[in-house]
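All remarks here apply to the structure that follows.
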Amino acid sequence: MAQSTQNTGAPQAAPAYNAQDIELRWQGIWEKHNTYQTPSSSSKPKQYVLEMFPYPSGDLHMGHARNYTIGDVMARQLHMRGYDVLHPMGFDAFGLPAENAAIKHHTEPSVWTYGNIKQATATMKRMGFSYDYSRTFNTCDPEYYRWGQWMFIKMWEKGLAYRAYSDVNWCDTCNTVLANEQVINGCCWRCHSVAQKKKLSQWYLKITAYADELLSDLDTLNAWPENVIAQQKNWIGKSTGTEIDFELASCANGSALATTQNKLCVFTTRADTIFGVSFLVLPPESEIAAQLVANTEYEAAFNELKAATEKISAIDRQGSDREKHGVFLGAYAKNPINNRLVPIWAADYVLADYGTGAVMGVPCGDQRDFDFAKKYNLEIAPIICKDTDPLYDELKDERDLVVRSVSWDSAMEAEGYLVQSGEFTGLVGGKHSPAEKAITQALVARGCARSTTNYRLRDWLISRQRYWGNPIPMIHCDACGDVPVPYDELPVRLPEHVNLHDGQNLSDVEEFARTTCPRCHKPARRITDTMDTFTCSSWYYLRYCDPHNTELPFSQQAVSRWMCVDHYIGGIEHAILHLLYSRFWTKVMRDLGLCAIDEPFCHLLCQGMVRDHNGETMSKSKGNVVPPASVIEPYGADTLRLAILFIAPAEKDFDWDEDVVQGTNRFIKRAWKQVWQLAHIARSHDTHLLSDPASEITLSDAQLAALTAPERALFSSLQELGTKCTNDFERCQFNTAISAVMELVNATTKCLHDGNETMNAQLAALIARDIVLMLASVCPHMAEELWHTALYPQLDEGVSVYDAAWPSFDVSRVQHTTVDMAVQVQGKVRAHIQVEKDATNDQIQAVALEAVSAQLAGKTVRKVIVIANKLVNIVAS
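The UniProt record's numbering puts the first residue of the sequence shown at 1, with every later residue one more than the last.
As structure tokens, this is what we get:
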């Protein structure tokens with residue numbers, strides 16, 4: 001290492017800043033000395049910093065660089081502030097993209113994946129990230145996915161894993177099923193093809209068993225973004241309401257009455273509107289609807305509606321501005337509150353997976369029902385009105401329902417007073433209203449209703465009909481049914497050299513599928529579905545705590561030491577998928593006795609996206625990425641790290657700007673020269689000042705008083721800007737923390753240019769040291785080089801600036817040389833001015849008059865009263 005020998009002084013002139021030489025050399029030194037290996041000591045408080053690990057589809061791009069730089073700066077700064085830090089990295093290596101890429105490039109998924117992992121790891125090291133690579137793993141490693149299989153079997157034993165035959169989301173392009181959470185706006189989350197519905201036998205994890213806890217524990221996540229909390233609450237979708245039975249009265253196909261148990265069960269959150277029901281609606285995929293129309297004149301129209309609906313996303317089906325389509329099913333049911341017959345329809349705006357799948361149509365108070373009723377000329381019965389509505393005066397005493405022709409353009413607001421509602425007329429209606437409570441109680445008393453709670457959340461479908469994933473560790477035996485693979489036979493390894501290019505899959509590999517039943521030892525077949533890759537990423541943060549454990553996925557002791565993750569950094573696109581699944585998995589692990597935590601992630605930071613010059617998010621599929629190497633090669637990794645943090649607040653999207661890169665590189669070079677200059681000034685006057693990095697550099701009150709005015713101003717700037725930098729780092733406001741250091745460098749330059757080439761030696765040493773330390777987490781290579789050459793050339797290369805303490809600042813020692821004063825005209829404050837503390841009254845008066853010159857235009861100043869250090873009062877007429 002340059003100048004690592006014992007040396008009593010530093011060169012007077014700063015050597016040229018050579019980023020390539022400095023960065024590559026220090027990366028080698030860090031690796032040689034295991035600088036970033038997680039400390040085994042438990043004497044210090046801990047901090048667990050984790051960025052969401054990448055999918056190895058190729059080299060890293062600027063989105064990765066931003067994510068990982070944020071986490072790296074956090075980890076480095078927390079270590080300097082006295083914490084033991086766990087900062088690991090790995091790869092989410094299973095999944096469809098690798099399989100498709102392998103097919104495209106005529107190779108195997110494992111070859112493609114491990115090649116990309118090697119490239120991405122090299123880029124991470126070139127960026128100088130402080131990962132503990134001794135804890136790195138890839139989810140496609142058998143020693144990792146073994147434990148995923150182990151935990152699946154534990155869930156099976158606990159009743160949380162099961163197989164069911166049901167309607168599922170199918171992507172024809174990806175040739176596999178999708179979980180509900182992976183259908184976004186009706187399309188596959190990966191390829192964006194429209195998802196279809198298929199009925200298949202698939203494997204599920206019972207996430208609904210934790211629905212209440214997943215919802216209630218969101219209130220404990222005070223350091224999560226509000227929009228992520230809102231998305232999860234909405235996805236869990238808890239709603240309290242009433243299930244009401246409508247007795248089937250007639251249908252064109254009489255045999256269907258017995259098949260459907262002679263009733264339709266409807267879920268509603270507004271039982272108070274039951275008098276206004278003018279039709280019932282079933283979704284086109286409803287089996288009951290199919291039974292009602294079977295072999296009738298209505299069957300053809302129903303089948304046509306069903307086929308058309310399969311091509312529409314669930315979100316689009318519920319859209320209020322979309323035209324609704326429906327067909328009459330030739331059947332009627334009795335309204336249990338008044339025995340009126342209501343027709344039964346199928347409509348594409350109703351979803352099968354909400355409530356019971358049947359909906360009561362109340363056009364008076366629901367806009368979608370209103371639009372549907374208007375289109376198909378169905379009854380619209382006014383049953384709830386505000387007392388300010390002209391219709392209220394006409395109907396307020398009406399108890400019996402009289403269907404009137406209405407000329408409304410839209411549904412009424414479904415709150416107000418009930419009208420035409422029998423004995424309940426006059427009660428206040430609305431959610432949780434007296435009318436809802438009274439009518440629910442009346443229906444329950446009649447035995448045709450029940451209070452209940454529903455959730456939008458559905459169980460997690462984890463089956464995938466693809467090769468490159470974690471095999472589901474189950475065996476199907478015709479005699480014994482589904483049987484788990486014995487624990488001592490795990491992992492169930494993926495077979496190698498599968499001919500994916502000809503469409504072969506696990507189900508086609510007989511030597512893999514064919515086996516014997518662990519119970520009866522008769523011939524049996526393995527389950528050839530693989531698990532959703534989100535099962536791999538739902539617990540990896542726990543494995544990092546104990547990555548080499550061969551007896552368990554992780555030990556309680558290790559998890560107790562490091563969990564929860566104190567700082568978790570990743571994209572907002574994972575608000576529902578990964579984050580919800582991880583919360584579920586953690587709670588299951590707790591209930592299995594493997595850990596004692598309720599939530600995995602304490603503080604969540606969702607970094608913004610990086611856009612190209614056209615404002616489009618950078619994406620490999622679009623081919624508009626800016627690779628990190630394009631900045632590292634000409635400028636260095638420290639410049640890239642600084643630019644990507646300085647350009648915008650961490651949570652905000654930003655457009656990539658080459659000018660910012662050039663500007664941050666100029667700043668690095670200026671700071672580099674300045675530290676060398678300050679170190680030379682310090683040593684020229686006191687050779688002992690920078691002899692020991694453990695020695696504190698301070699200025700006593702007497703020494704502070706002896707400084708020149710520019711030096712005192714610089715010392716004050718150090719305290720104020722250092723405090724701001726520290727606080728902003730704590731708040732993850734990296735751009736303003738960096739800005740504070742830039743202001744300090746500018747203030748130092750001004751002081752030096754003001755004729756202070758012989759600056760106080762202790763102040764020079766203090767400023768130089770603190771600049772390096774405040775930049776150490778953002779620009780670690782430059783800081784390491786300055787620490788070991790400009791400041792402490794006698795240090796051994798293994799003693800890192802990373803191990804130095806974060807500087808402390810004391811704003812109480814700030815010596816303000818100016819004072820703020822209010823300026824009043826005729827007794828009213830019109831301006832504020834800043835003047836030197838020792839300014840004369842004449843000087844203050846001149847500044848004040850200039851500040852309010854616009855307000856004094858055309859007036860004569862009669863008197864100016866100066867109250868020292870407080871205000872200036874001007875009397876004018």
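From the three backbone atoms N, C-alpha and C, an ideal C-beta is built for every residue, glycine too.
Keep in mind it's a predicted model, so treat the numbers as computed, not measured.
Mind checking whether residue i and residue j have CB atoms under 8 Å apart?
i	j	result
T208	L457	yes
S507	T528	yes
G361	V281	yes
A707	L744	Position check: residue 707 holds Leu in this sequence, whereas Ala was assumed. The answer is no: Cβ separation not under 8 Å.
R583	W656	no
P491	Q47	no
G58	N116	yes
A102	W676	no
A776	M155	no
A737	S717	no
V825	L856	yes
Just verifying my parser: in three-state terms, what is the DSSP assignment at residue i?
i	result
N138	strand
Y48	strand
F667	helix
C606	strand
P495	coil
F129	coil
Q504	coil
W787	helix
E510	helix
P390	helix
M474	strand
R163	strand
A16	coil
K431	coil
G9	At G9, the pLDDT of 44 sits below 50, so the modelled position is not reliable; the number obtained from the coordinates is stated separately. DSSP places G9 in coil when its eight states are reduced to three.
To the nearest whole angstrom, what separates the beta carbons of residue i and residue j, a pair I think is in contact under 8 Å?
i	j	result
C602	A223	6 Å
C251	A331	4 Å
P780	R135	That pair is no contact at about 20 Å.
P88	L50	7 Å
R399	T425	5 Å
residue 878	E711	Absent from the model: residue 878. The displayed extent of the chain is 1 to 877, so no value can be given.
D72	S166	With 8 Å as the limit, D72 and S166 do not qualify as a contact, their Cβ atoms being about 45 Å apart.
K158	D459	Not confirmed; about 14 Å, so no contact.
As a quick exercise: from the options, pick the residue whose alpha carbon is nearest that of residue i.
i	options	result
A694	D803, G28 and Q232	D803
S808	T736, V835, E696 and A709	E696
G570	L605, D701 and G186	L605
F328	L351, L378, T309 and P336	L378
N735	G798, T698, C536 and E651	E651
E836	R830, Q845, K158 and V829	Q845
residue 918	S110, W170 and S278	With the chain covering 1 to 877 only, the question about residue 918 has no answer from this structure.
S537	T516, W147 and E797	W147
P518	C480, V498, V509 and P547	C480
residue 908	L160, I22 and M74	The chain is shown from 1 up to 877; residue 908 falls before or after that span and cannot be answered.
L160	A211, D167, P39 and Q815	A211
W30	D796, C191, V814 and V852	D796
Between which two residues does the alpha helix (DSSP H) holding residue i run?
i	result
E213	A211 to S216
L96	L96 to K104
M80	M62 to M80
N303	E299 to T309
M360	No alpha helix (DSSP H) holds M360; the beta strand (DSSP E) holding it covers V359 to G361.
A637	A637 to F646
V350	Here V350 belongs to no alpha helix (DSSP H), and DSSP marks it neither H nor E.
W235	E226 to I236
N624	From DSSP, N624 is part of no alpha helix (DSSP H); its letter is neither H nor E.
V293	E287 to V293
Return yes when the C-beta of residue i is under 7 Å from any heavy atom of the ligand FAD, and no when it is not.
i	result
Y581	By its list of ligands, the structure shown contains no ligand whatsoever, and the ligand FAD lies outside what it can speak to.
Starting from residue i, trace the beta strand (DSSP E) in both directions and tell me its first and last residue.
i	result
W203	Q196 to L205
L178	T176 to L178
T749	First-last for T749: F734 to H753, but that is the alpha helix (DSSP H), not the beta strand (DSSP E).
M821	T818 to V825
Does any residue of chain D have a CB that is nearer than 8 Å to the CB of residue i?
i	result
G469	Structure shown: chain D not included; a single protein chain is present.
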